[in-house]
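Mapping of the sequence shown onto our numbering: residues 311 to 600, in sequence order.
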Amino acid sequence: MTALGAVFRPQLPPERLRAMVRTAEDAGLEELWLWEDCFLEGGISAAAAALAWTERLRVGVGLLPVPLRNVAVTAMETATLDRLFPGRAIVGVGHGVQDWMGQVGARAESPVTLLREYLVALRALLRGERVTTDGRYVKLDGVALDWPPQTLVEILAGATGPRTLRLSGEFADGTILTSGTSPEGVRKACQLIDEGRKSASRDGRHEVVVYLLTATGPDAAARLRAELEADGVASVPDLGVAGDAKAVAEAVRRLADAGADTVILQPTADEPDPEGFLRFTAEDVRPLVP
Numbered sequence: 311m312t313a314l315g316a317v318f319r320p321q322l323p324p325e326r327l328r329a330m331v332r333t334a335e336d337a338g339l340e341e342l343w344l345w346e347d348c349f350l351e352g353g354i355s356a357a358a359a360a361l362a363w364t365e366r367l368r369v370g371v372g373l374l375p376v377p378l379r380n381v382a383v384t385a386m387e388t389a390t391l392d393r394l395f396p397g398r399a400i401v402g403v404g405h406g407v408q409d410w411m412g413q414v415g416a417r418a419e420s421p422v423t424l425l426r427e428y429l430v431a432l433r434a435l436l437r438g439e440r441v442t443t444d445g446r447y448v449k450l451d452g453v454a455l456d457w458p459p460q461t462l463v464e465i466l467a468g469a470t471g472p473r474t475l476r477l478s479g480e481f482a483d484g485t486i487l488t489s490g491t492s493p494e495g496v497r498k499a500c501q502l503i504d505e506g507r508k509s510a511s512r513d514g515r516h517e518v519v520v521y522l523l524t525a526t527g528p529d530a531a532a533r534l535r536a537e538l539e540a541d542g543v544a545s546v547p548d549l550g551v552a553g554d555a556k557a558v559a560e561a562v563r564r565l566a567d568a569g570a571d572t573v574i575l576q577p578t579a580d581e582p583d584p585e586g587f588l589r590f591t592a593e594d595v596r597p598l599v600p
């Protein structure tokens, strides 16, 4: 079965989060995803609150920009979330938007190198290992978590370009693809991820999560078109979906057929009814997605 979720966009104020997660929980939504976009809302703090306000909902953070966070801090926070809310927190990391990283003085000369070193150290720390490393960016001296996760915690990596997609396959447990990824783009991404996995002789599960820009309601097509144009991707075929539950479910299935394990519906920034969008995802679209 294809997992299905929705995004709480950080363009909404933090005080809206509680009502949104309660709506998601009551509607039976599987996953609610949060973003740590600069300079809007903190991913870990928002995730902790969302998890505390619910009993069943899984909460994803997609993603934490690694130049902003020491890897030991990310490991501590991830382990704490998992011990407080076992199996319900999903954490993704990535090299972040480089212009934003430059604004805060954290831009890395080699984002790919940083992400590689970060993933290796983070996953080792979460396995309860004592880590010493002296990389170009990640430097740890005998660091181990006193309260590591009690079960295996998977770390996802956000990726777009070929090098980062191969890197995710080699070093991460799953990959997050943006809403700028068409079904054909998912197929190509999966091929690159598999290349990375083969180079590292990795087998087993590697989850592929993709966001799907989604609009529903009487002005859905216009809102979708406006956001695609604002993002500069209006000419890319098969991006996003506008329409009723049947149209959205068909778009989800196309992504799943291309290799996506989880599809997260991403409302437009001007979605007029964010709570209604969550109910639409859980109650109308979910029954149509195998």
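Yeah, the Cβ is synthetic: ideal placement off N, Cα and C, and Gly gets one too.
Just the C-alpha distance for Val317 and Thr578, rounded to the nearest angstrom, thanks.
As a working note, residue 317 is residue 7 in the sequence shown. As a working note, residue 578 is residue 268 in the sequence shown. Using only the alpha carbons, I get a separation of about 10 Å.
Three-state secondary structure (DSSP) at Val551?
Against the sequence shown, residue 551 aligns to sequence position 241. Looking at Val551 - three-state DSSP - the assignment turns out to be strand.
Just list the residues that DSSP pairs Phe601 with in beta bridges.
The structure shown does not extend to residue 601, since the chain is modelled only from 311 to 600, so the question has no answer here.
Using 10 angstroms around the beta-carbon of Phe349, count the other beta-carbons present and answer buried if the total reaches 16, otherwise exposed.
Position 39 of the sequence shown, counted from the start, is the residue given in the question as residue 349. Its Cβ having fewer than 16 others within 10 Å, Phe349 is exposed.
Can you grab the Cα-Cα spacing for the pair Ala544 / Leu361, in whole Å?
Working through the sequence shown from its first residue, we reach residue 544 at position 234. Working through the sequence shown from its first residue, we reach residue 361 at position 51. About 35 Å.
How far does the alpha helix (DSSP H) with Phe481 in it reach, from first residue to last?
Position 171 of the sequence shown holds residue 481. Its alpha helix (DSSP H) spans residues 472-481.
Buried or exposed: where does Arg398 fall if 16 or more other Cβ atoms within 10 Å of its Cβ makes it buried?
Counted from its first residue, the sequence shown places residue 398 at position 88. Its Cβ being crowded by 16 or more others within 10 Å, Arg398 is buried.
How close, in whole Å, do the beta carbons of Val331 and Trp363 come, if the pair is a contact with beta carbons under 8 Å?
Reading the sequence shown from its first residue, position 21 is the one you call residue 331. Reading the sequence shown from its first residue, position 53 is the one you call residue 363. Indeed, because the Cβ distance is near 5 Å, the residues count as touching under 8 Å.
Any idea which residues DSSP pairs Trp457 with across the strands?
The residue you call residue 457 lines up with position 147 of the sequence shown. In DSSP, Trp457 forms no bridge with anything.
Can you give the beta carbon distance from Ala555 to Leu598, rounded, assuming they're within the 8 Å contact cut?
In the sequence shown, the residue the question calls residue 555 occupies position 245. In the sequence shown, the residue the question calls residue 598 occupies position 288. Contact holds; Cβ gap of about 6 Å.
Which residues in the same chain as Val496 place their Cβ atom closer than 8 Å to its Cβ, once the five residues preceding and following it in sequence are excluded?
Translated into the one-based positions of the sequence shown, residue 496 becomes position 186. Excluding positions up to five away in sequence, the list reads Leu487, Val518, Val520, Leu565, Ala568, Gly569, Ala570.
By Cβ distance, which residues of its chain are closer than 6 Å to Val381, with the 5 residues on each side in sequence left out?
Position 71 of the sequence shown holds residue 381. So the qualifying residues of the chain are Tyr428, Ala431, Leu432, Val448.
Taking all protein chains shown into account, do 16 or more other C-beta atoms lie within 10 angstroms of the C-beta of Pro421, making it buried, or fewer, making it exposed?
Locating residue 421 in the sequence shown gives position 111, counting from the first residue. Label assigned to Pro421: buried.
Could you check whether Pro377 and Gly406 sit closer than 7 Å to each other, using their CB atoms as the reference points?
Counting from one through the sequence shown, the residue named residue 406 turns up at place 96. Counting from one through the sequence shown, the residue named residue 377 turns up at place 67. Cβ atoms of Gly406 and Pro377: closer than 7 Å.
When DSSP builds the beta bridges, which residues end up paired with Glu419?
By one-based count along the sequence shown, residue 419 stands at place 109. BP columns for Glu419 are empty, so no partner.
Between which two residues does the alpha helix (DSSP H) holding Leu342 run?
The residue you call residue 342 lines up with position 32 of the sequence shown. Careful: Leu342 lies outside any alpha helix (DSSP H), inside the beta strand (DSSP E) at 341-344.
For Pro577, does the three-state DSSP call read helix, strand or coil?
Here residue 577 refers to the residue found at position 267 of the sequence shown. Strand, per DSSP.
Determine, using beta carbons only, whether Arg476 and Gly514 come nearer to each other than 7 Å.
Here residue 476 is taken as the residue at index 166 of the sequence shown, counted from 1. Here residue 514 is taken as the residue at index 204 of the sequence shown, counted from 1. For Arg476 and Gly514, no; Cβs fall outside 7 Å.
Candidates Asp347, Glu419, Ala416, Ala454: which alpha carbon is nearest Ala434's?
By one-based count along the sequence shown, residue 434 stands at place 124. When only C-alpha atoms are compared, the closest one is Ala454.
Return the chain-ordered list of same chain residues with a C-beta closer than 8 Å to the C-beta of Gln408, the five sequence neighbours on each side being excluded.
In the sequence shown, residue 408 corresponds to position 98, counting from 1. So the list reads Arg417, Pro421, once near-sequence residues are dropped.
Is the closest heavy atom of the ligand GDP to the C-beta of Gly397 under 6 Å?
As for the ligand GDP, it is missing from this structure, which has no ligand bound.
Here's a check: name, in chain order, each residue in its chain whose Cβ is nearer than 7 Å to the Cβ of Arg533, leaving out the five neighbours to either side.
Looking up residue 533 in the sequence shown gives position 223. If we look at Arg533 and ignore the five residues flanking it on each side, its Cβ neighbours are Ala525, Thr578, Asp580.
Could you have a look at Gly506 and say whether DSSP puts it in helix, strand or coil?
Along the sequence shown, read from residue 1 onward, the residue named residue 506 stands at position 196. Helix.
So what's Tyr447 in DSSP terms, helix, strand or just coil?
Numbered from 1 along the sequence shown, position 137 holds the residue referred to as residue 447. Looking at Tyr447 - three-state DSSP - the assignment turns out to be coil, as it is neither helix nor strand.
May I ask you to report which of helix, strand or coil DSSP gives Val520?
If you number the sequence shown from 1, residue 520 lands on position 210. Note: Val520 maps to strand in three-state DSSP.
Can you tell which of Arg319, Thr312, Glu340 has the C-alpha that lies nearest to the C-alpha of Ala589?
To locate residue 589, count along the sequence shown from 1; it is residue 279. Reading off the sequence shown, one finds Arg at residue 589, where the question assumed Ala. For Arg589, the nearest C-alpha among the options comes from Glu340.
Ignore the nearest five residues each way along the sequence and tell me which others in Glu537's own chain have a CB closer than 6 Å to its CB.
For the purposes of this step, residue 537 is taken as residue 227 along the sequence shown, with counting starting at 1. Cβ within range, chain order: Thr578.
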